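Novice: Numbering (our numbering), first residue to last: 218 to 440.
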Amino acid sequence: MSERSETKRHGAILLAGGRASRVDGATKPLFDVGGRTLLGAAVEAVRAVDARPITVAGPEAAASDVGVDLDGVDFVREDPPFGGPVAGGVAALDAWRTGDVVPEWTFLLACDVPGIGAAVARLAQDVLLLPGDSDGVCLADASGRPQWLAGVYRTEALTRGAAALDDRGRDAPVRALVADLAIAVVRAPADETDDVDTWEDLNRARAAAGQDAYDTHRTEEAR
218 MSERSETKRH GAILLAGGRA SRVDGATKPL FDVGGRTLLG AAVEAVRAVD
268 ARPITVAGPE AAASDVGVDL DGVDFVREDP PFGGPVAGGV AALDAWRTGD
318 VVPEWTFLLA CDVPGIGAAV ARLAQDVLLL PGDSDGVCLA DASGRPQWLA
368 GVYRTEALTR GAAALDDRGR DAPVRALVAD LAIAVVRAPA DETDDVDTWE
418 DLNRARAAAG QDAYDTHRTE EAR
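#1: Out of V266, D241 and G235, which one is the CA nearest neighbour of V273?
#2: Run through the DSSP bridge pairs and tell me what R253 is partnered with.
#3: In angstroms with no decimal places, state the Cα-to-Cα distance between R314 and A280.
#4: Can you give me the Cβ contacts of D291 inside the same chain, cut-off strictly under 6 Å, excluding the 5 residues immediately before and after it?
#5: With three or more beta-carbon pairs closer than 8 Å as the criterion, would you say the segment 407-421 touches the segment 311-331?
#6: Using a Cβ-Cβ cut-off of 8 Å (strictly less than) and excluding sequence neighbours within five positions of W322, which residues of its own chain qualify?
#7: When DSSP labels each residue in this structure, what does T410 get in the three-state scheme?
#8: My guess is that F248 and V413 are in contact by the Cβ rule of under 8 Å, so how many angstroms apart are they, rounded?
#9: What span of residues does the alpha helix (DSSP H) with D311 cover, start to end?
#10: Can you have a look at E409 and say buried or exposed, based on whether 16 or more other CB atoms are within 10 angstroms of its CB?
#11: To the nearest angstrom, report how far apart I230 and R387 are at their CA atoms.
#12: Could you give the distance in angstroms between the alpha-carbon of G305 and the alpha-carbon of E277?
#13: What's the gap between the Cα of L382 and the Cα of G300?
#14: Between the Cα of P348 and those of V319, A399 and D317, spot the shortest distance and give me the residue it belongs to.
#15: Taking the DSSP output, what are the residues bridged to D291?
#16: Which one or two residues does DSSP pair with Q364 in a beta bridge?
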């Protein structure tokens with residue numbers, strides 16, 4: 218870390234570099250739900266809890282269409298691309314090593330959750346309640362399954378987990394990154410954890426937001 222580094226309570230890594238094969242390769246982070254893009258919603262959510270740095274692990278080419286001011290938001294990409302969310306997270310953590318801001322905690326978030334604002338607000342409150350020997354907290358879906366990419370973790374612990382991975386985390390399951398961490402799992406309402414993996418998911422999310430969804434597939438293919 219730089220000798221000029223300052224400590225910041227929260228930083229954020231926003232994972233936005235997947236192939237999105239279940240939506241025909243469309244750029245999922247740019248899907249509009251309720252009048253804003255999924256990536257834009259994620260940026261606004263972590264800004265609301267004063268996160269810095271904010272790093273998007275995904276293609277910078279999408280930045281012009283996000284729909285929010287990206288001042289102070291950095292983009293990184295794993296090399297080679299499409300190495301999976303863990304590889305994207307490792308690339309972001311590496312980029313922070315030479316930065317001037319050292320966050321104590323890191324939000325690790327998938328950028329395909331329409332309810333990301335409420336999820337981040339919940340995590341920011343829950344992390345304050347953790348015992349001193351905990352490494353983080355993540356949300357669980359309605360079935361109780363941990364959603365590791367809806368969590369906030371000690372940056373030092375994440376960095377240790379990343380260092381233990383082979384091939385810089387390429388194609389690794391997310392559980393491998395946090396396998397040795399002491400993490401609290403908190404069940405959250407479905408609208409804080411439901412993601413958009415398919416066109417049907419997108420239609421459902423748009424309907425919940427009061428948005429016309431009938432031509433979703435055609436509209437997104439035209440982007």
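By construction, the Cβ of each residue, glycine as well, lies at the ideal position given by its N, Cα and C atoms.
Since this is a predicted model, take the numbers as computed values, not measurements.
Specialist: The structure says:
#1: Restricting attention to V266, D241 and G235, the CA atom closest to the CA of V273 is found in G235.
#2: Paired residues: V250.
#3: 23 Å
#4: T272
#5: yes
#6: R226, H227, G228, V344, G353, V369, Y370, R371 and T372
#7: Three-state DSSP puts T410 in a helix.
#8: 6 Å
#9: P302 to W313
#10: E409 should be labelled buried.
#11: 17 Å
#12: 13 Å
#13: 13 Å
#14: A399
#15: T272
#16: In the DSSP output, where bridge partners are listed per residue, Q364 has L356.
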